[in-house]
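Position 345 (the sequence shown) corresponds to 338 in our numbering; numbering is contiguous. Cβ coordinates follow ideal geometry from the N, Cα and C atoms, glycine included. This structure is a prediction, so every number in the text was calculated from the model and none was measured. Below is one structure, written out as structure tokens, with a few remarks after it.
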Amino acid sequence: MKRKIAGLLSACTMLTFGAGSALADYDLRILHTNDVHDRVESVTKYNNSCSAEDETEGKCFGGYARLATAIRDNRAMGGNVIVVDAGDQFQGSLYYSTYKGELLAELMNLVDYDAMAVGNHEFDDGPEVLADFIKASTTPILSANIETSVAGLNELIKPETIMTVGGERIGIIGLTTPETAEISSSGPNVVFNDLASSLQTSVDRLRAQGINKIVALNHSGSYADFDIVGKVSGVDVIVGGHDHLLFSNTVENASHPYPVVMNGGDGDPVLIVQAYAYTRYLGDLAVTFDDNGKAIAWSGEPISLDASFTPAEDITAVIDTKRAAVDAVRTIEVGSFTTAADGSRETCRAMECAIGSLVADAMLWKAGEGHQIAIQNGGGIRASIDEGTVTMGEVLTVLPFQNALATFKLSGADIVASLEHGVSLVSEGKGQFPQVSGLKFDLDLNAPVGSRISNVMVNEGGTFAPIELAKTYSVVSNDFMRNGGDGYALFRDNATDVYDFGPNLEQAVAEYIGMNSPMTPATHDRIMIK
């Protein structure tokens, strides 16, 4: 996803070169991560766990031990440095499935993060697991737009925190996407308020205390960053997350320059950054402020955490103590692939992907005779799988959410409307994009939202026939979607003959792979994009 902001950038970037220096100028470096997704160990270029062989050959990136080295090395250079995270430390590897937030809290404490925003995935196992994580963390965990009646959680989540760095006070504010109520498991007692008004309230509170250098950690996506920046006065930097974008001036096909520069509601420049995901990069933004707290110069570029960074021994030692329980699951062989299967975020949230079709096929197979259609949200698919032996660890990395299969009946009209919902936000990379089995359709991304789907066909006994709007069809999905997750309200409100307690999705997929191995994962022209 790219946005045309070059003209605005060129106008604003002149500030970097045209501003003079005064005695009262203050320099600050902001080291930042986002969307770590529990990549405790190093990862391949596909963001899967790295093998010992790949590590030896220097093919691996990131992991908490490399991240710790990069942060410590940069802190050791001196100067005024803060280290922040823009949310979604949770969910995405077997370490999270095994230890939830316990290990992450220990690692974050060792790295010594200064602040973290609450991301949507921090609610994946409910507010109680998040509360336990915050209690174990020495890092302030922030969100200015969350209100909750869950016992103790309101007191644990702070709207903002204040740091004194080099004699200057820095205000740091957290924000969480309001979509969390639909795309995670926050429950009925957590409310997500408007981003801009919540941010302005925190800014005003900080400025009333004389703080004029303010950083917002916004786990809502770059589209939300760009939307709110002109609605709020007093923010200097927005560290973003949620849509896993790399802002860079040097990496080919980066989504945006680093930083994006826009005008805030007060007309002052606001610097917006993001550093991809999965510990692959450490964002590094240097900002010079004048005495009034206005950014007058800036520079920076995300640091690629490649094999040139030696993993920190103390972090590696902690991870080693947790590895046995994870390896016991990870090493179970379930089958094999003759070719790699694409499960990337960029593909599975925008078009048919090989892993998505495989998962949907497995769902339909496991649901059994009489079920006609399977629909899986692309956002529930979290990784690709390489060619060769497929392990249970890889399946769980692809499907980390421990969802159950859910079966129900739905009218053809509601199925078409649900598909329209699924493709309504493709340009924003939303996780609601449908991966399907038992049906196929045409998709026109240039058509208005609500009118993008056509030629919907359903497999009727081996032959595809046009969907009948008044007919009732038997559908299998996952329990998250069936209960309205990712905005699939019709699955929740209009479904009949509902059963939400089927086998776990990852187990069904593992069985399906084993039964059909060796498999050649592929796409099957189920979603034809015009």
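Which residues in the same chain have their Cβ closer than 6 angstroms to the Cβ of V449, if we skip the five residues on either side of it in sequence?
-> Indexing the sequence shown from 1 puts residue 449 at position 456. Excluding sequence neighbours, V449 sits near V409, F434, I460.
Below 6 angstroms CB to CB, which residues in the same chain sit around I231 once its five sequence neighbours on both sides are set aside?
-> Locating residue 231 in the sequence shown gives position 238, counting from the first residue. A209, N211, D218, I265, listed in sequence order.
Cβ-Cβ separation, P252 to G293 (assumed contact under 8 angstroms), whole Å = Position 300 of the sequence shown, counting from 1, holds the residue named residue 293. Position 259 of the sequence shown, counting from 1, holds the residue named residue 252. Going by Cβ atoms, the distance from G293 to P252 rounds to 7 angstroms, so yes, they are a contact pair.
Within the region 55 to 139, ranges of the alpha helix (DSSP H) (whole runs, at least 4 residues) | 57 to 69, 87 to 92, 94 to 104, 120 to 129
How far does the beta strand (DSSP E) with E46 in it reach, from first residue to last?
-> As a first step, residue 46 is located in the sequence shown; it is residue number 53 there, counting from the start. Per DSSP, E46 belongs to no beta strand (DSSP E); it is in the alpha helix (DSSP H), 45 to 49.
How would you write the range of the alpha helix (DSSP H) that A310 sits in, first residue to last?
-> Here residue 310 refers to the residue found at position 317 when the sequence shown is read from its first residue. Unbroken alpha helix (DSSP H) run through A310: 306 to 323.
Verify whether the separation of the beta carbon atoms of L432 and R445 is less than 8 angstroms.
-> Taking the sequence shown and counting its residues from 1, one reaches residue 432 at position 439. Taking the sequence shown and counting its residues from 1, one reaches residue 445 at position 452. Not a contact, by the Cβ cut-off of 8 angstroms.
Between the region 173 to 190 and the region 228 to 248, do at least 3 Cβ pairs fall closer than 8 angstroms?
-> Output reads no: the region 228 to 248 does not touch the region 173 to 190.
Could you pull the start and end residues of the beta strand (DSSP E) that M344 belongs to?
-> Along the sequence shown, read from residue 1 onward, the residue named residue 344 stands at position 351. It is not in any beta strand (DSSP E) - M344 carries neither H nor E in the DSSP assignment.
Could you tell me if L438 is buried or exposed, where buried requires 16 or more neighbouring beta carbons within 10 angstroms of its beta carbon?
-> Position 445 of the sequence shown, counted from the first residue, corresponds to residue 438. Result: exposed.
F401: which of T465, D31, F394 sits nearest, CA to CA?
-> Stepping through the sequence shown from its first residue, residue 401 is reached at position 408. Closest option to F401, Cα to Cα, is T465.
Residues bridged to N256 by DSSP?
-> By 1-based counting over the sequence shown, the position of residue 256 is 263. DSSP output for N256 lists P262 as bridge partner(s).
Under three-state DSSP, which class holds D479?
-> Position 486 of the sequence shown, counted from the start, is the residue given in the question as residue 479. Three-state DSSP puts D479 in a helix.
Just the C-alpha distance for Q51 and P393, rounded to the nearest angstrom, thanks.
-> The residue labelled residue 51 in the question sits at position 58 within the sequence shown. The residue labelled residue 393 in the question sits at position 400 within the sequence shown. Here the sequence assigns Gly to residue 51, which means Gln is not the residue at that position. G51 and P393: Cα-Cα distance of roughly 27 angstroms.
What whole-angstrom Cβ distance do H114 and V77 have, given they're in contact under 8 angstroms?
-> The sequence position of residue 114 within the sequence shown is 121, counting from 1. The sequence position of residue 77 within the sequence shown is 84, counting from 1. In this structure H114 does not touch V77 by the C-beta definition: roughly 17 angstroms separates them, more than the 8 angstroms allowed.
Taking DSSP as the reference, what is the three-state secondary structure of E380?
-> Locating residue 380 in the sequence shown gives position 387, where the first residue counts as 1. DSSP places E380 in coil when its eight states are reduced to three.
Buried versus exposed, by CB contacts within 10 Å (16 or more), G167 | Your numbering for residue 167 matches position 174 in the sequence shown. Its Cβ being crowded by 16 or more others within 10 Å, G167 is buried.
If you draw a straight line from the C-alpha of R519 to the C-alpha of S430, how long is it?
-> If you number the sequence shown from 1, residue 519 lands on position 526. If you number the sequence shown from 1, residue 430 lands on position 437. Answer to the nearest angstrom: the Cα atoms are 8 angstroms apart.
By Cβ distance, which residues of its chain are closer than 7 angstroms to A189, with the 5 residues on each side in sequence left out?
-> Mapped onto the sequence shown, residue 189 falls at position 196. Excluding residues within five positions, the ones whose Cβ falls inside 7 angstroms are I221, K224, V225.
Segment limits, alpha helix (DSSP H) that includes A217 = In the sequence shown, counting from the first residue as 1, residue 217 sits at position 224. Run containing A217: 215 to 221, per the alpha helix (DSSP H) assignment.
From G85 to L398, what does the alpha carbon distance come to, in whole angstroms?
-> Taking the first residue of the sequence shown as position 1, residue 85 is located at position 92. Taking the first residue of the sequence shown as position 1, residue 398 is located at position 405. Taking the straight line joining both Cα atoms gives about 19 angstroms.
Taking all protein chains shown into account, do 16 or more other C-beta atoms lie within 10 angstroms of the C-beta of L192, making it buried, or fewer, making it exposed?
-> Numbered from its first residue, the sequence shown carries residue 192 at position 199. So L192 ends up on the buried side.
Which stretch, first to last residue, makes up the alpha helix (DSSP H) that contains T390?
-> In the sequence shown, residue 390 corresponds to position 397, counting from 1. Note, T390: alpha helix (DSSP H), 385 to 391.
The alpha helix (DSSP H) spanning G415 covers which residue range?
-> In the sequence shown, the residue the question calls residue 415 occupies position 422. Looking at the DSSP string, the run of the alpha helix (DSSP H) that includes G415 is 405 to 415.
Under the DSSP definition of a beta bridge, which residues are partnered with M450?
-> Your numbering for residue 450 matches position 457 in the sequence shown. Answer is K433, P459.
Got a sec, what are the start and stop residues for the beta strand (DSSP E) Q369 sits in?
-> Here residue 369 refers to the residue found at position 376 of the sequence shown. Its beta strand (DSSP E) spans residues 366 to 370.
N476 to G145, Cα distance in whole Å?
-> Stepping through the sequence shown from its first residue, residue 476 is reached at position 483. Stepping through the sequence shown from its first residue, residue 145 is reached at position 152. Between the alpha carbons of N476 and G145 lies a distance of about 27 angstroms.
Which residues bound the beta strand (DSSP E) around N211?
-> One-based indexing of the sequence shown puts residue 211 at position 218. Annotation for N211: the continuous beta strand (DSSP E) segment containing it runs 207 to 212.
Is the CB-CB distance between H249 and S297 below 8 angstroms?
-> As a working note, residue 249 is residue 256 in the sequence shown. As a working note, residue 297 is residue 304 in the sequence shown. Taking 8 angstroms as the Cβ cut-off, H249 and S297 do not qualify as a contacting pair.
Drop a sphere of 10 angstroms on the beta-carbon of P295, count the other beta-carbons inside from all chains shown, and report buried for 16 or more, exposed for fewer.
-> Numbered from its first residue, the sequence shown carries residue 295 at position 302. Buried, because 16 or more other Cβ atoms sit within 10 Å of the Cβ of P295.
Would you say N138 and D197 are within 8 angstroms of each other, going by their C-beta atoms?
-> Taking the first residue of the sequence shown as position 1, residue 138 is located at position 145. Taking the first residue of the sequence shown as position 1, residue 197 is located at position 204. Against a cut-off of 8 angstroms, the Cβ pair of D197 and N138 comes out as no contact.
Are the CB atoms of L97 and D31 nearer to each other than 8 angstroms?
-> Your numbering for residue 97 matches position 104 in the sequence shown. Your numbering for residue 31 matches position 38 in the sequence shown. Yes; because the gap between Cβ atoms is below 8 angstroms, this pair is in contact.
V352 (DSSP reduced to helix, strand or coil) = As a first step, residue 352 must be located in the sequence shown, where it is residue number 359. Helix at V352.
Quick one: Cα of W358 to Cα of Y505, how far?
-> Position 365 of the sequence shown, counted from the first residue, corresponds to residue 358. Position 512 of the sequence shown, counted from the first residue, corresponds to residue 505. Those two C-alpha atoms are separated by around 8 angstroms.
Have a look at D118 and D259 and give me their C-alpha separation to the nearest angstrom.
-> Working through the sequence shown from its first residue, we reach residue 118 at position 125. Working through the sequence shown from its first residue, we reach residue 259 at position 266. Each residue's alpha carbon lies about 40 angstroms from the other.
Answer with buried or exposed for V468, where buried requires no fewer than 16 other C-beta atoms within 10 angstroms of its C-beta.
-> By 1-based counting over the sequence shown, the position of residue 468 is 475. Flag for V468 reads buried.
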